[in-house]
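To keep things clear, I will list the structure first and then write my remarks on it.
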Amino acid sequence: MAKPSRIYLGTVIHSLSLGCLEVIERAAVAVDKSGRIVFVKDTSKCATTADYIDFPGAEVVELGARILIPGFIDGHAHAPQQTFLGTGMHLPLLKWLEAYTFPKEAKFSDPVYAAAHYRTAVKRHLFNGTTTCSYFATIHLESTKALVDIVLELGQRGLVGKVNMDRNSPPFLIEETDTSLKDTQTFIDYVLTKNNPLVQPVITPRFIPSVTSPLLTGLGQLSISHTPPIRVQSHLSENRNEIAWVLQMHPENPTYTSVYDSHGLLHDRSYMAHCIWCTQSERDLLQSRSTGVIHCPNSNFSLSSGILNVRRLLREGIKVGLGTDVSGGYTPSMLDAIRQAVIASKMVSIGQGSDAETGNEGEYDALSYAEAFHLATMGSAECLSLGDTVGNFLEGKDFDALVLNLRAEGSPVDVFDGDSTLELFQRFLFVGDDRNIEQVYVAGKRCK
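With our numbering, the residue at position 355 of the sequence shown is 419, and numbering never jumps.
Right, dumping it as structure tokens:
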């Protein structure tokens, strides 16, 4: 057993599986110098205190009334879009891209401008408790390198993608196909030579309408040329007009999802945002490829894209995580993603009525708070191929954690005598905000 360097004593809540929370009221969580969890013990079941704190040189941290939970994992966010967060919410997806997104992202051709704004974005995600984030950057190589450097400097765990776009975009955001592939390889090499597990590259075609078949093919080959394959992230079936556009451009493919698959971009280290309108055959394809789905409910509502039936995906064995989709989603808070996921699932359930015909039982059941929390932690970790590293507090995983103080100054959460731990936890999920996230740890190092 590795030697603990720090031992946290207090209440622990984490998710072991979908809907299965483990609550340890009197826990001891030991972390070694590398930031890995050595053990998690229920001290009420220990014979003596020596069983959990008698480790010479280890710092003992008493959490008191605070609660320790795993850090949130945002499976889908656009780092440059923090600059216009909360604007353009009156527009649907494609018009929003033209009016707001593309002109703003063009400014990131300047690495100095990009670095200043990326620093703001990463800090905001961290302060909202996001210990891991999968970022879209822009097409600009040097600016995307700057995002990698900032993520490392601030201590967040990040999956970062240089965006690829070589068609159907404004002239100032269209790349030459060969240049896009070359820059992507250069970016991957840049990240991998950092030799730092906290930041990894992600191949990031923006979406099918903005990427030609030769570029898609090249990106697919680039992914599988590495062992294990380089992760792939993109958008899929977000908007019905988008789907019609894709099918018009690719009559050789029966579905939107099959376009990605035919170019080698769907595998067990791929994850797609949205997937609202995927048909049964598309969902079967995602499941067979072990490709994850990142549910972005705020964005789905805000851009009038649709409502994803998450319960159906889960019942079909598809990996599901949560994302903020900044700035299609108007906040970088994963607490908001949890709340919106619950609301979206209730809307699906209400819209279908009881739907209790034989064979349909449970297909439209709303998500519980425990299930939504799981999606924001372990669910996203599994989608991002990080399930063996983060997502909960199992021994051997990295200590990515949040220390919650529900009694913090200015807290929106009211605490009353007799409140149970689970009642307080639910209140945090639905009422709390960044003021209650007192400390943030990534791989054992404090970032807030």
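Even for Gly, the Cβ is constructed at its ideal location relative to N, Cα and C.
Just the C-alpha distance for residue i and residue j, rounded to the nearest angstrom, thanks.
i: F365; j: I272; result: 22 Å
i: R403; j: L458; result: 26 Å
i: E126; j: L262; result: 27 Å
i: Q249; j: D452; result: 27 Å
i: V406; j: A430; result: 7 Å
i: L161; j: T355; result: 26 Å
i: D96; j: L399; result: 29 Å
i: R270; j: K226; result: 9 Å
i: D497; j: V323; result: 40 Å
i: L311; j: H154; result: 26 Å
i: F148; j: S391; result: 7 Å
i: A114; j: Y182; result: 46 Å
i: D230; j: L85; result: 45 Å
i: A420; j: V215; result: Summary for A420: the model assigns pLDDT 48, below 50, so the residue's position carries little reliability, and this model does not support an answer.
i: K105; j: A179; result: 42 Å
i: T281; j: I203; result: 18 Å
i: P513; j: K159; result: Only positions 65 to 512 of the chain appear in the structure, and residue 513 is not among them; the question remains open.
i: L329; j: E123; result: 46 Å
i: S198; j: I88; result: 30 Å
i: A210; j: Y254; result: 11 Å
i: K461; j: M313; result: 44 Å
i: T395; j: L237; result: 25 Å
i: A401; j: H338; result: 13 Å
i: V412; j: G121; result: 53 Å
i: C447; j: H359; result: 11 Å
i: C519; j: S298; result: Limits of the chain in this structure are 65 at one end and 512 at the other, which puts residue 519 out of reach.
i: D319; j: N303; result: It is worth fixing the name first, because residue 319 is Thr in this sequence and not Asp. Answer to the nearest angstrom: the Cα atoms are 14 Å apart.
i: A308; j: P315; result: 11 Å
i: I267; j: G284; result: 9 Å
i: S277; j: N232; result: 13 Å
i: R510; j: Q503; result: 7 Å
i: T184; j: S108; result: 43 Å
i: G415; j: F494; result: 23 Å
i: I117; j: R90; result: 13 Å
i: V454; j: M442; result: 7 Å
Please say whether residue j and residue i have beta carbons closer to each other than 8 Å?
i: R491; j: A472; result: no
i: L466; j: L488; result: no
i: E427; j: R379; result: yes
i: L157; j: E306; result: yes
i: T208; j: V186; result: no
i: V76; j: V93; result: yes
i: N456; j: L80; result: yes
i: V296; j: N228; result: no
i: I340; j: L372; result: yes
i: S449; j: R333; result: yes
i: G193; j: E435; result: no
i: K67; j: F119; result: yes
i: S301; j: C342; result: yes
i: L286; j: T321; result: no
i: S432; j: G393; result: no
i: K512; j: L256; result: no
i: L279; j: F251; result: no
Please classify residue i: is it buried, with 16 or more other beta-carbons within 10 angstroms of its beta-carbon, or exposed?
i: V176; result: exposed
i: A408; result: buried
i: A507; result: buried
i: T196; result: buried
i: F437; result: buried
i: P134; result: buried
i: S418; result: Interpretation of S418 is limited by its pLDDT of 49, a score under 50 that renders its predicted location unreliable; no figure is taken from the coordinates.
i: G482; result: exposed
i: D464; result: buried
i: Q145; result: buried
i: E239; result: buried
i: E169; result: buried
i: R70; result: buried
i: A129; result: exposed
i: T112; result: exposed
i: M65; result: exposed
i: G381; result: exposed
i: S352; result: exposed
i: S444; result: buried
Does residue i have its Cβ less than 8 Å from a Cβ in chain B?
i: P318; result: This model lacks chain B altogether, as it is built from one protein chain only.
* Inspect the CB distances between the region 128-144 and the region 376-387 and report whether three or more fall short of 8 Å. => yes
* **3 or more residues per run - each beta strand (DSSP E) lying fully within the region 379-406** => 384-386
* Does the region 158-171 touch the region 473-486, meaning 3 or more C-beta pairs lie closer than 8 Å? -> no
* Is it true that the region 292-302 meets the region 235-243, where meeting means three or more beta-carbon pairs spaced less than 8 Å apart? -> no
* Output the residue ranges of the beta strand (DSSP E) runs that lie fully inside the region 121-200 and measure 3 residues or longer, sorted by chain position. => 123-134, 136-142 and 194-200
* If you scan the region 200-225 from start to end, which runs of the beta strand (DSSP E) of 3 or more residues do you find wholly inside it? -> 221-225
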